[in-house]
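Be aware that the sequence shown starts at 1, since it is given in full-length UniProt numbering, and climbs by one per residue.
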Amino acid sequence: MAADVTQTNDVHRILKEVWGYDAFRPLQEESIECVLNQRDSLTVLPTGGGKSLCFQVPALSLDAMAVVVSPLISLMKDQVDALRACGVAAAYVNSTQTDDEKREVADSIRSGELKLLYLAPERLLNPRTLDFLRRQPISFFAIDEAHCISNWGHDFRPEYRGLRSLKEWFPKSSVHAYTATASGPVRDDIATQLGLAAPEIIVGNFDRPNLTYRMVRADGRLQQVMEVVDRHKGDSGVIYCISRKEVEKTASALVQSGISALPYHAGLDDETRKANQDAFIKDECDVIVATVAFGMGIDKSNVRYVVHAGMPKSIEHYQQESGRAGRDGLESECVLFYSGGDVVTWKRIMSGEPSSYQSAVASLEAMFDVCAGTVCRHRVLVEHFGQSYATDNCGGCDVCLDEIDLVEDPITLSQKILSCVIRLRERFGVSHTAKVLCGSGEQRIRELGHDKLSTFALLTDDGLPAVRMWIDQLIQQGYLCRSGEYQTLGVTETGRRLLRRDGDPRLTVATVNKKA
Ligand code: ADP
Ligand code: ZN
1 MAADVTQTND
11 VHRILKEVWG
21 YDAFRPLQEE
31 SIECVLNQRD
41 SLTVLPTGGG
51 KSLCFQVPAL
61 SLDAMAVVVS
71 PLISLMKDQV
81 DALRACGVAA
91 AYVNSTQTDD
101 EKREVADSIR
111 SGELKLLYLA
121 PERLLNPRTL
131 DFLRRQPISF
141 FAIDEAHCIS
151 NWGHDFRPEY
161 RGLRSLKEWF
171 PKSSVHAYTA
181 TASGPVRDDI
191 ATQLGLAAPE
201 IIVGNFDRPN
211 LTYRMVRADG
221 RLQQVMEVVD
231 RHKGDSGVIY
241 CISRKEVEKT
251 ASALVQSGIS
261 ALPYHAGLDD
271 ETRKANQDAF
281 IKDECDVIVA
291 TVAFGMGIDK
301 SNVRYVVHAG
311 MPKSIEHYQQ
321 ESGRAGRDGL
331 ESECVLFYSG
341 GDVVTWKRIM
351 SGEPSSYQSA
361 VASLEAMFDV
371 CAGTVCRHRV
381 LVEHFGQSYA
391 TDNCGGCDVC
401 LDEIDLVEDP
411 ITLSQKILSC
421 VIRLRERFGV
431 SHTAKVLCGS
441 GEQRIRELGH
451 DKLSTFALLT
461 DDGLPAVRMW
471 IDQLIQQGYL
481 CRSGEYQTLG
491 VTETGRRLLR
501 RDGDPRLTVA
511 TVNKKA
């Protein structure tokens with residue numbers, strides 16, 4: 001059964017009458033249609049893409065009440081306040097309320113007046129709530145921030161896991177999931193975890209053509225950051241640092257050289273933090289230097305550049321943080337400085353969060369692969385979010401602008417690496433292979449007799465980090481592959497051709513951290 005003409009007119013009328021908007025944004029209508037047709041769905045739209053309306057509009061068009069699952073009290077409150085301001089009957093139930101307030105919500109549900117009910121997953125799955133809701137007419141379930149259900153994603157919340165029983169409890173209601181961050185595997189995982197039935201998957205456009213991306217090896221970070229700020233004198237910019245200490249150091253260095261910059265991190269008291277954020281939003285200061293704590297819910301359109309003084313912890317984070325540049329559609333620049341040391345720093349920070357450590361490390365390594373890679377930055381970002389990228393030369397990234405330093409004889413260098421993989425009988429991983437090439441004195445290498453191989457110590461002068469980076473690049477370009485439980489390296493068909501000097505690998509010059 002497809003949404004009919006009356007329903008389609010209806011949602012347009014609601015959009016105009018309730019929100020005052022004239023037209024839907026890309027894919028909002030497709031997403032709304034799934035709800036009206038009671039077809040389970042997953043909608044992936046970038047931040048600011050307008051996901052909320054995808055469930056709020058149909059909630060008003062349908063007779064019964066919609067239940068929205070949201071992970072945070074603050075998010076629920078923002079949405080409910082905004083809906084009420086538009087005259088919509090919406091409410092939440094959470095721990096901040098008195099019993100009287102909760103009873104009032106229950107009454108408005110019984111009377112059939114409430115159109116949208118917001119709940120955290122643990123409240124929804126509480127047996128008493130379930131029991132109560134099973135006796136009410138429910139139009140559909142909307143799962144906001146749905147990536148929280150996947151421990152492949154970057155913000156796993158165990159409470160979300162219980163949502164898989166929704167389909168059993170409410171077999172007649174459709175379930176619709178929404179997220180801004182989901183790569184292909186995370187998307188599939190969300191659908192599986194929620195038990196969605198033949199879901200329609202809707203993915204928005206994640207490319208930001210007005211952004212120019214640059215990913216540069218860190219080599220005197222402060223100086224490198226200063227250079228970017230200098231070329232944007234007077235513009236609005238955000239500088240992200242990994243630690244609070246770095247935020248402070250960078251902010252004061254900028255101030256000393258006459259830039260109007262303010263710090264932002266969780267260690268500052270609420271008042272200062274708020275004052276600094278406001279000053280930035282009102283253009284009273286040019287630059288905000290911040291940790292990842294900065295940005296949630298910030299809507300400033302004229303940010304001309306975003307600098308990452310250290311590598312972000314996942315591609316999802318990078319997409320969101322760099323995405324704060326150029327909201328107004330004008331040309332803007334995103335520069336990221338990274339090193340292998342950043343990976344180590346993040347691992348140290350994250351080792352305090354054991355529940356999701358494994359997947360967090362995988363996300364971190366994926367981010368590093370992008371940085372060290374030589375694939376168009378627009379392409380990798382778009383492809384990470386499961387879309388294809390048609391342009392060959394984007395003209396808007398360091399790779400396509402030919403700014404990357406490539407090694408002079410990549411074929412010979414690649415041959416050394418591929419030969420080593422073959423000498424190791426394609427039975428070892430990246431780390432071991434790199435150590436053999438760098439002539440490591442480790443006991444295990446001697447025990448295995450790998451110090452006797454002809455490829456042992458061929459690349460000692462280049463250092464481990466560089467060799468690892470080249471192996472990563474050869475994997476990305478399809479000359480090597482990783483497989484099996486131990487992620488052992490193998491040479492692909494394309495790699496075998498390269499051994500006969502047939503191929504065009506791109507390997508970058510490693511300038512720093514030789515011995516790191
Ligand atoms: P998301 O949850 O995808 O990050 P929101 O739902 O918060 O995005 O929407 C971002 C902003 O865009 C909100 O201010 C919202 O009112 C606005 N918006 C959403 N849809 C439309 C539309 N069709 N026309 C105009 N503004 C819209
Ligand atoms: Zn490019």
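Note that CB positions come from ideal geometry on N, CA and C, so glycine has one too.
| Check | Outcome |
| --- | --- |
| Does at least one heavy atom of the ligand ADP sit under 8 angstroms from the Cβ of G162? | no |
| Report the residue from D99, K282, V335 whose alpha carbon sits nearest the alpha carbon of V216. | V335 |
| Would you check whether the ligand ZN has a heavy atom nearer than 8 angstroms to the C-beta of C285? | no |
| Hey, is N205 close to the ligand ZN, as in C-beta under 8 angstroms from one of its heavy atoms? | no |
| Could you spell out the range, first to last residue, of the alpha helix (DSSP H) harbouring C371? | 357–372 |
| Using only the alpha-carbon positions, how far apart do E113 and K51 sit? | 24 angstroms |
| DSSP state of S332, grouped into three classes? | strand |
| Helix, strand or coil: how does DSSP classify L119 here? | strand |
| Examine the ligand ZN and report whether any of its heavy atoms sits within less than 8 angstroms of the Cβ of H378. | yes |
| In chain order, what residues of the same chain have a beta carbon less than 6 angstroms from the beta carbon of W346, not counting five sequence neighbours either side? | K313, L364 |
| Using 9 angstroms as the threshold, is the C-beta distance between L222 and L166 below it? | no |
| Keeping to the same chain, check which residues put their C-beta closer than 6 angstroms to that of I143; ignore five residues upstream and five downstream. | V69, A177 |
| If we ignore side chains and look at the alpha-carbon of each, how far apart do D81 and H232 end up? | 38 angstroms |
| When DSSP builds the beta bridges, which residues end up paired with L480? | V491 |
| Would you say K416 touches the ligand ADP, meaning its beta carbon is less than 8 angstroms from a heavy atom? | no |
| Among I32, A279, G220, which one has its Cα closest to the Cα of F140? | I32 |
| Out of T47, L498, G429, state which residue places its alpha-carbon closest to the alpha-carbon of E485. | G429 |
| With DSSP run on the structure shown, which of helix, strand or coil describes C34? | helix |
| Should the segment 466–475 be called in touch with the segment 441–457, which here means at least 3 C-beta pairs below 8 angstroms? | no |
| Three-state secondary structure (DSSP) at Y21? | coil |
| With DSSP as the reference, label R506 as helix, strand or coil. | coil |
| Please classify F132: is it buried, with 16 or more other beta-carbons within 10 angstroms of its beta-carbon, or exposed? | exposed |
| Does the ligand ZN have even one heavy atom less than 8 angstroms from the beta-carbon of C334? | no |
| Between which two residues does the alpha helix (DSSP H) carrying G341 extend? | 340–350 |
| Taking only the alpha-carbon atoms, compute the straight-line gap between L406 and S322 and give it to the nearest angstrom. | 25 angstroms |
| I'd like to confirm the pairing. Which residues does DSSP put opposite A197 in its beta bridges? | Beta-bridge pairing links A197 to no other residue. |
| Opposite G237 in the DSSP bridges: which residues? | V287, Y305 |
| Here's a check: name, in chain order, each residue in its chain whose Cβ is nearer than 8 angstroms to the Cβ of G162, leaving out the five neighbours to either side. | P121, E122, L125 |
| Any contact between the segment 10–20 and the segment 43–63? By contact I mean 3 or more CB pairs, one from each, below 8 angstroms. | yes |
| S174 lies in the beta strand (DSSP E); which residues open and close that run? | 174–179 |
| Keeping to the same chain, check which residues put their C-beta closer than 7 angstroms to that of T433; ignore five residues upstream and five downstream. | C420, V421, L424, I471, L489 |
| When the Cα atoms are used, what is the spatial distance from L413 to R468? | 13 angstroms |
| So, with DSSP's three-state summary, where would you put T455? | coil |
| So, do the segment 23–37 and the segment 101–118 have three or more beta carbon pairs nearer to each other than 8 angstroms? | no |
| Report the residue from G48, R501, Y318, R506 whose alpha carbon sits nearest the alpha carbon of T179. | G48 |
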